[in-house]
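Below you'll find the structure, written out as structure tokens, and then a few comments.
Residue numbers (the working numbering): 664 to 801.
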């Protein structure tokens, strides 16, 4: 387990430096944390590092956003906040994303935790103050 405090974009970049090698071997990344802890901000920063050409936004209402990198690689961003039942996971085709081998970020992963691949990178974000977040790599 690694813990990082983030107070600036420079510190966020350092965390992304640490995460990038993990993402090469683990295409599924979960992000847990209360509202406003920076889950989508972290995904946006990682996507920028990966040269995503699309605008990265919260998929709270769309549930799933798919972005393309400059090289044409797909990255998926899933937000399970509004889902209430495991059956809804099947309806959105969650298995297809988990099995795709493509980088897939999952916010609010509570409903899917039992079905996640063993090599999933799990991140927990915590609100420490107005300008400080803690990111824990589990």
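Ideal Cβ placement from N, Cα and C applies to all residues, glycine included. Small disclaimer: the values here were computed from a predicted structure and weren't measured.
Burial is judged here by how many other beta carbons sit within 10 angstroms of a residue's own beta carbon; residue 668 has fewer than 16 and is exposed. Relative to residue 686, the option among 795, 674 and 710 whose CA is nearest is 710. Annotation: residue 757 to residue 704 spans about 22 Å, alpha carbon to alpha carbon. The three-state secondary structure of residue 664, taken from DSSP, is coil. Assignment of beta-bridge partners to residue 719 by DSSP yields no partner. As computed with DSSP, residue 741 is found in a beta bridge with 727 and 769. Proximity of the region 740 to 754 to the region 779 to 788 falls short of the contact definition, fewer than three beta-carbon pairs being nearer than 8 Å. DSSP places residue 679 in the helix class (H, G or I) of the three-state scheme.
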